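Number of protein chains: 2
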Amino acid sequence: MSSETLTPSEPSPPIDASNSAEPTAAMNAVADLTLNPSEPSPAPALALSKKAAKKEASKLQKQRRKEESAAMKESAAAADKGPDLLAANYGDVPLADMQSKAVTVRKWTAIGDLDEGLKDKEVLIRGRVQTSRAVGKNIAFLVLRKRGFTVQCVLTVAPELVSQDMVKFAAGLTRESHVDIEGVVSVPGEPIKGASQQVEVHVRKIYCISKAIPNLPINIEDAARSEAEIERALQAGEQLVRVSQDTRLTHRVLDMRTPANQAIFRVQCQIENVFRQFLFAEGFVGIHTPKLMAGSSEGGAAVFRLDYKGTPACLAQSPQLHKQMAINGDFDRVFEIGPVFRAEDSFTHRHLCEFIGLDTEMEINEHYSEVMDVVDRLFVAIFDSLNENCQRELEAIRKQYPFEPLKYLRRTLRLTFQEGVQMLKEAGIEVDPLGDLNTETERKLGQLVLKKYNTEFYILHRYPLAVRPFYTMPCSDDPAYSNSFDVFIRGEEIISGAQRVHFPELLIARAKECGINVETILPYIDSFRYGAPPHGGFGVGLERVVMLFCNLNNIRKTSLYPRDPQRIRP
Amino acid sequence: MSSETLTPSEPSPPIDASNSAEPTAAMNAVADLTLNPSEPSPAPALALSKKAAKKEASKLQKQRRKEESAAMKESAAAADKGPDLLAANYGDVPLADMQSKAVTVRKWTAIGDLDEGLKDKEVLIRGRVQTSRAVGKNIAFLVLRKRGFTVQCVLTVAPELVSQDMVKFAAGLTRESHVDIEGVVSVPGEPIKGASQQVEVHVRKIYCISKAIPNLPINIEDAARSEAEIERALQAGEQLVRVSQDTRLTHRVLDMRTPANQAIFRVQCQIENVFRQFLFAEGFVGIHTPKLMAGSSEGGAAVFRLDYKGTPACLAQSPQLHKQMAINGDFDRVFEIGPVFRAEDSFTHRHLCEFIGLDTEMEINEHYSEVMDVVDRLFVAIFDSLNENCQRELEAIRKQYPFEPLKYLRRTLRLTFQEGVQMLKEAGIEVDPLGDLNTETERKLGQLVLKKYNTEFYILHRYPLAVRPFYTMPCSDDPAYSNSFDVFIRGEEIISGAQRVHFPELLIARAKECGINVETILPYIDSFRYGAPPHGGFGVGLERVVMLFCNLNNIRKTSLYPRDPQRIRP
Chain X
1 MSSETLTPSE PSPPIDASNS AEPTAAMNAV ADLTLNPSEP SPAPALALSK
51 KAAKKEASKL QKQRRKEESA AMKESAAAAD KGPDLLAANY GDVPLADMQS
101 KAVTVRKWTA IGDLDEGLKD KEVLIRGRVQ TSRAVGKNIA FLVLRKRGFT
151 VQCVLTVAPE LVSQDMVKFA AGLTRESHVD IEGVVSVPGE PIKGASQQVE
201 VHVRKIYCIS KAIPNLPINI EDAARSEAEI ERALQAGEQL VRVSQDTRLT
251 HRVLDMRTPA NQAIFRVQCQ IENVFRQFLF AEGFVGIHTP KLMAGSSEGG
301 AAVFRLDYKG TPACLAQSPQ LHKQMAINGD FDRVFEIGPV FRAEDSFTHR
351 HLCEFIGLDT EMEINEHYSE VMDVVDRLFV AIFDSLNENC QRELEAIRKQ
401 YPFEPLKYLR RTLRLTFQEG VQMLKEAGIE VDPLGDLNTE TERKLGQLVL
451 KKYNTEFYIL HRYPLAVRPF YTMPCSDDPA YSNSFDVFIR GEEIISGAQR
501 VHFPELLIAR AKECGINVET ILPYIDSFRY GAPPHGGFGV GLERVVMLFC
551 NLNNIRKTSL YPRDPQRIRP
Chain H
1 MSSETLTPSE PSPPIDASNS AEPTAAMNAV ADLTLNPSEP SPAPALALSK
51 KAAKKEASKL QKQRRKEESA AMKESAAAAD KGPDLLAANY GDVPLADMQS
101 KAVTVRKWTA IGDLDEGLKD KEVLIRGRVQ TSRAVGKNIA FLVLRKRGFT
151 VQCVLTVAPE LVSQDMVKFA AGLTRESHVD IEGVVSVPGE PIKGASQQVE
201 VHVRKIYCIS KAIPNLPINI EDAARSEAEI ERALQAGEQL VRVSQDTRLT
251 HRVLDMRTPA NQAIFRVQCQ IENVFRQFLF AEGFVGIHTP KLMAGSSEGG
301 AAVFRLDYKG TPACLAQSPQ LHKQMAINGD FDRVFEIGPV FRAEDSFTHR
351 HLCEFIGLDT EMEINEHYSE VMDVVDRLFV AIFDSLNENC QRELEAIRKQ
401 YPFEPLKYLR RTLRLTFQEG VQMLKEAGIE VDPLGDLNTE TERKLGQLVL
451 KKYNTEFYIL HRYPLAVRPF YTMPCSDDPA YSNSFDVFIR GEEIISGAQR
501 VHFPELLIAR AKECGINVET ILPYIDSFRY GAPPHGGFGV GLERVVMLFC
551 NLNNIRKTSL YPRDPQRIRP
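Residue numbers (full-length UniProt numbering), protein chains in the order written: chain X, 1 to 570; chain H, 1 to 570.
This is the structure in structure tokens:
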């Protein structure tokens, strides 16, 4: 878009409302300009000290502005009389002024805090230029964005306040540039559709603190567009830009700025918060295990290998062995949040080569259901918290990527693997009762469970031993099965867990059966010879939880800088 | 120690009090055995429902025990009459009984919960055998440990309750084995010095659920011994085992079990908790940046290189570039907790090849002091929280590794680098005003600051530009200096921070000056062309914070599984 200015008569693309200036409301509001900005508006009785502080700040601000203005006028006069007497009120901020020159008394108001309570007040705000446009030579509209909030700013030529050159400067600001604006808050007569804040800022000064290049590789409004919008436009004969997933990732810094992406990563952070706080409250200790390991982790081909000061090493495929060793080291209940590395060649919608593992391990008294109990309560707590505390974020995601709220029960459904196989059988799908489910049968079972139990979150346990890792405890009544479980959201696996073998002899036998060289995991094996309590645990992929809770179609949407077999940048 | 039994007349080594059975108190308590265990003790009036629940549980337990006992007797009878009629009351639990056989009504009481309120109650407890010993053929003492709590358990031969074989079995249990004990709680007349809990358990049944090998590579009591204790013994002519740091790390799972280590990693977790909660409350979002990077991270030799599906790659030396890109991606304020990889050959007390970085990055309005403000309040909050909430842990650490509480001010002292240089000069130490401080001068300056300002935590800012990374913003008034800071605890650096360059042209120029190939960091450079707010941030090494807060002498003590140039195991 750059310095090109749109006139209102030009057909504007049907973009997301929060992403464009709304000229109608804005133009109605121009009348407000005649209000005296220095006239104080009545403040609420309860905010006396705040009011006093504001008054003081305002006084200091005025004083500073007076000095600044005097200095500017002086320099302008010295500079052989510039073409615009108001030149000091706008322009690009030079580097030297951005290098922590001084701590001043200036107070920035957050865009999200701009509301009717600030009517007629002078404010200083900072934000990105989401849109800028001139209406003729005398009026310019900007939408400023910060932290997901947007506000409309208006420049109207007025003697000694706003010059035509200033309007031109503002309208010519490239999208995504950063600006500081000083202005007066006004409240238009009708709702503002083009911005989140229901006030306008009438610009007195505008300084660009960081210029964006005119031709961005992707436009935020294009990246923020929903598929439905593109379809609707297509039916109306209009072709809108669709930004591919790959292009988004290549220009991730721009893609990140969409409301949906801002929300996705806040949801991710919230999941982590609840995970951590819930477990901490239940006596778990957060630990960190090394990602650099000698040998080949748990074995298998899917490891990244490297040289560690002359020793062959690899990146941990999971904290499995080290978290179990922490249990053998008396930590009783541990969790870890950290990266997990898989050199798999799976180029699917749900595999990454690096993702964040949420791992737990805990002593059990007598049964692996104690681990499932933690899964149950933990995830219900996570889902509840998202629904309660992240409504704004979920709404932002839903706007671009519509999804139905996750159906889950207050007490999580548990089915045995055999029950699952039986349900599939009854639906005409034969699966090997001692094999694993594939992605397709998992999804099918998810549909059957949803239909029968009205939940999209459930636990499937007692998996065949043959499809589980060597450290999984076999069942006592049937060694073909194991004390293990997977957990599903919307028909896709997100959690694997189990009771672990804590008898060193059985552990060695199982490792050998699974083709693992026991020598490479000797410190792990040895830790069970020093007395080992019965224990179990589980691991979750953080990105998958976000993806499936929000029913997103690609795990790359929930990783800030995803790594897959074809991508290691940016 | 293993199955060898000590008699009280043998000289026992002067070990940590909490680590040994205290025979005197225990023997006084033997009289309590005559109490009728089924006689209910008066329960507090306020705990009616709990009492009822306990009664119910106790009833069910008795019933179960009756059934169990009957079954055992039957099988014992079938087995051609065993030598001990009480054989069902002790022994090794077979594997099959540890494989999640059933969910029963058994309730385990935590060792830490054993107190006088449980007097005369039957309890089921689980823990590690910290010590076991026989006194003659009729009495055995055990100390059981769990979650840092210990309790003394006593077996005394009595008809139909405890046989000599049972005493022999208990006394023969290897240290660090796990056992389940059913017994009756009694309160001895005088304080128990040998255990944390001031009650004893009179054993009725004892089952070993996991045997430790008889000869452990290190004994916990040796690993838990303080240097002072070893010195004291030496002066008394006795040589006690001193476990070297390297031996500890090789057998880390055993070393972890010392009270000090249990505490160190709980303190570490608490630091992380406060870091996260404090920043979250201040509007920061927790993010995760990739550890796998194309090219060579920030440059330099100290990177681990690997092959990523045919692309040369490396492990991130810090989340620096990606966290700044998240700021350019509109996240405003971010933090990250994650591993950081340094292939440095530094074999010092304070360097690791893999450690946990606590990183932040935030937009600033006008000055890097805004970043220092966050450091100030965040770390005062962390220190306060440790002092308030981790008293028990700090005490446990202090017992083995004595240290003085950290001296810090309510508002953190800030000195400029030049002021620091001047202080050193006045103390007769000349340093290059445009160079860096070395470890020795840092330590010296720490002493001078402590003397003058009475604080061991302070910020030194405005470092010479030449000693800071290319992305550091130069000072506006003197380009030889920079808007940067380091933070020190007890004379050692723990934090580096700065305002960053957000002008792409200057960034490129600075990168070139520092010999960095701009091509390798192009996505990072480009992100500043899309509009970049002024920002700054800092990075902290988690292990260093723990080490210096507790004045430990080696960073390997604060990493669960440390990685240094000579160690990648376990």
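The C-beta atom is built at its ideal place from N, Cα and C for all residues, glycine as well. Keep in mind it's a predicted model, so treat the numbers as computed, not measured.
Outcome for residue i when other beta-carbon atoms lying within 10 angstroms are tallied against a minimum of 16
i        : result
X:Leu522 : exposed
H:Glu430 : exposed
X:Asn215 : exposed
H:Asn19  : For H:Asn19, the predicted model reports a pLDDT of 39, less than 50, meaning its position is unreliable and no value from the coordinates is stated.
H:Ser163 : buried
H:Gly435 : exposed
H:Ile211 : The sequence given here places Lys at residue 211 of chain H; Ile does not occur at that position. By the neighbour-count rule (16 or more Cβ atoms within 10 Å), H:Lys211 is buried.
X:Lys121 : buried
X:Pro479 : exposed
H:Ala316 : buried
X:Pro159 : exposed
H:Arg242 : exposed
X:Pro469 : buried
Inter-residue spacing [alpha-carbon to alpha-carbon] between residue i and residue j
i        : j        : result
H:Asn553 : H:Tyr453 : 24 Å
H:Glu282 : X:Ile459 : 37 Å
X:Gln270 : H:Arg544 : 27 Å
X:His322 : X:Thr289 : 6 Å
X:Ile555 : X:Leu254 : 18 Å
H:Ile495 : H:Ala343 : 20 Å
X:Glu116 : X:Gly189 : 12 Å
X:Asp345 : X:Pro565 : 6 Å
H:Ala260 : H:Gln198 : 21 Å
Beta bridge counterpart(s) of residue i as assigned by DSSP
i        : result
H:Lys205 : H:Glu182
H:Pro474 : H:Ser482
H:His461 : H:Thr416, H:Phe485
X:Phe341 : X:Glu354
X:Val540 : X:Leu358, X:Ile495
Where residue i falls: helix, strand or coil (DSSP)
i        : result
X:Gln130 : strand
H:Leu406 : coil
X:Ser196 : coil
H:Ser38  : Only weak support is given to the placement of H:Ser38: the predicted model assigns it a pLDDT of 38, under 50, and the value that follows is read from those uncertain coordinates. Looking at H:Ser38 - three-state DSSP - the assignment turns out to be coil, as it is neither helix nor strand.
X:Val546 : helix
H:Leu86  : coil
X:Leu95  : helix
H:Ile271 : helix
H:Pro214 : coil
X:Pro523 : helix
X:Val143 : strand
H:Ser385 : helix
H:Ala170 : helix
H:Ala294 : strand
X:Ile125 : strand
* Asked: Between the region 116-136 of chain H and the region 236-245 of chain H, do three or more beta carbon pairs fall short of 8 Å?
  -> Cβ pair count under 8 Å is below three, so no.
* Is there contact between the region 518-538 of chain X and the region 197-205 of chain H, where contact requires at least three CB pairs shorter than 8 Å? -> Contact fails: fewer than three Cβ-Cβ distances are below 8 Å.
* Asked: If you pair each beta-carbon of the region 392-412 of chain X with each one of the region 261-270 of chain X, do three or more pairs fall below 8 Å?
  -> Counting Cβ pairs under 8 Å, three or more are found: they touch.
* Contact between the region 301-318 of chain H and the region 383-395 of chain H: three or more CB pairs below 8 Å? -> Segments in contact, no.
* Asked: If you pair each beta-carbon of the region 134-153 of chain X with each one of the region 107-120 of chain X, do three or more pairs fall below 8 Å?
  -> Yes: the two stretches touch, three or more of their Cβ pairs being nearer than 8 Å.
* Asked: Taking three-plus beta-carbon pairs below 8 Å as touching, is the region 499-510 of chain X in contact with the region 90-104 of chain H?
  -> Cβ pair count under 8 Å is three or more, so yes.
* Asked: Per the contact definition of three or more C-beta pairs closer than 8 Å, is the region 527-540 of chain H in contact with the region 357-369 of chain H?
  -> Here the region 357-369 of chain H lies against the region 527-540 of chain H, with 3 or more beta-carbon pairs under 8 Å apart.
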